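As given, the protein sequences belong to chains D and W, one line each in that order.
For what it's worth, this note's numbering labels the leading residue of the first sequence as 40, then goes sequentially.
For what it's worth, this note's numbering labels the leading residue of the second sequence as 11, then goes sequentially.
We put the beta carbon where it would ideally sit given N, CA and C, even for glycine.
Keep in mind it's a predicted model, so treat the numbers as computed, not measured.
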Amino acid sequence: DAGVIQSPRHEVTEMGQEVTLRCKPISGHNSLFWYRQTMMRGLELLIYFNNNVPIDDSGMPEDRFSAKMPNASFSTLKIQPSEPRDSAVYFCASRGSRTDTQYFGPGTRLTVL
Amino acid sequence: KQEVTQIPAALSVPEGENLVLNCSFTDSAIYNLQWFRQDPGKGLTSLLLIQSSQREQTSGRLNASLDKSSGRSTLYIAASQPGDSATYLCAENTDKLIFGTGTRLQVFP
């Protein structure tokens with residue numbers, strides 16, 4: 040099993056640009072989570088989907104952030120426009136229906152200049 | 011507000027020592043408590059999951075306990091090895107995971 044796949048692994052962009060992060064969950068998992076990790080705030084849940092439907096987006100910091108899951112094998116997290124304070128590592132995780140264990144991807148390190 | 015606290019924030023020990031990492035949480039209505047390991051530049055790896063009805067879980071040299079009444083969990087690492095060096099995070103699960111800030115562990119030869 041390839042595990043959770045995230046792309047890109049590193050992204051450097053300038054303030055004001057649009058950023059799109061991508062995630063492919065483990066095949067057969069029906070829940071998908073987006074997290075953000077910073078030194079100041081630790082690991083925070085941004086949004087999670089169950090069967091492709093957004094269930095809780097209370098962690099999404101602003102309207103500049105949006106997430107979609109068009110099908111069971113793909114999700115995107117978009118930031119438009121990006122700001123320097125969005126610099127962080129963004130993780131995607133997935134979970135199967137018969138377990139509470141979440142499996143994390145390797146993360147995308149985002150730097151906004 | 012749900013809070014998860016981990017003590018100590020950092021720990022450096024010689025190889026072979028037995029270790030205890032502490033996790034405190036405020037919400038007693040948890041479904042389960044989970045421990046993860048994070049290596050530098052990598053994602054999180056699940057180590058142990060303790061359901062709210064359980065008192066402890068074991069996996070190899072790792073043992074995690076849960077005391078809901080006091081809002082505490084401990085991760086015990088027996089006979090530590092340099093390969094155990096990583097950051098260890100606990101997370102309480104109510105309807106979503108709330109993570110602690112982690113304990114950064116270094117085991118030196």
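By the criterion of a C-beta distance shorter than 8 Å, D/V58 is surrounded in its chain by E50, T52, K117, I118, Q119, S121, D125, L149 and V151, once the five residues flanking it on both sides are discounted. Counting along the chain, W/Y41 sits inside no beta strand (DSSP E), nor does DSSP assign it H or E at all. About 4 Å separates the Cβ atoms of D/F72 and D/Y87, confirming a contact at the 8 Å cut-off.
The Cβ atoms of W/S56 and W/Q64 lie no closer than 9 Å to each other.
For W/Q91, the closest alpha carbon among the candidates W/N103, W/K52 and W/P24 is that of W/P24. Note on D/V92: under 16 other CB atoms within 10 angstroms of its CB, so exposed under the neighbour-count rule. Residues of chain W whose Cβ lies closer than 7 Å to the Cβ of D/F143 are, in chain order, G53 and L54. Each of D/E101, D/M79 and D/G67 was checked against the Cα of D/Y142, and the nearest Cα belongs to D/G67. The beta carbon of W/N32 sits no closer than 9 Å to any beta carbon of chain D. Distances from the alpha-carbon of D/G42 to those of D/L60, D/M54, D/I65 and D/Q56 put D/I65 closest. DSSP, read as helix, strand or coil, puts D/G144 in coil.
The way I'd put it, the stretch 34-48 of chain W doesn't touch the stretch 108-116 of chain D; fewer than three beta-carbon pairs between them come closer than 8 Å.
Against chain W, the CB of D/V92 has no partner CB under 9 Å away; the residue lies outside that interface. For W/K78, no Cβ of chain D is located within less than 9 Å of the residue's own Cβ. For a Cβ distance threshold of 7 Å, residue set G81 and L82 of chain D lies close to W/F109, ordered along the chain.
For W/L85, the closest of W/D37, W/A101 and W/E13 by C-alpha to C-alpha distance is W/A101. Around W/A88, the same chain offers N28 and R71 as residues with beta carbons nearer than 7 Å, after the five sequence neighbours per side are excluded. Nearest neighbour of D/M108 by Cα position, chosen from D/P47, D/S70 and D/E101, turns out to be D/S70.
Under DSSP, D/H49 forms a beta bridge with D/R148.
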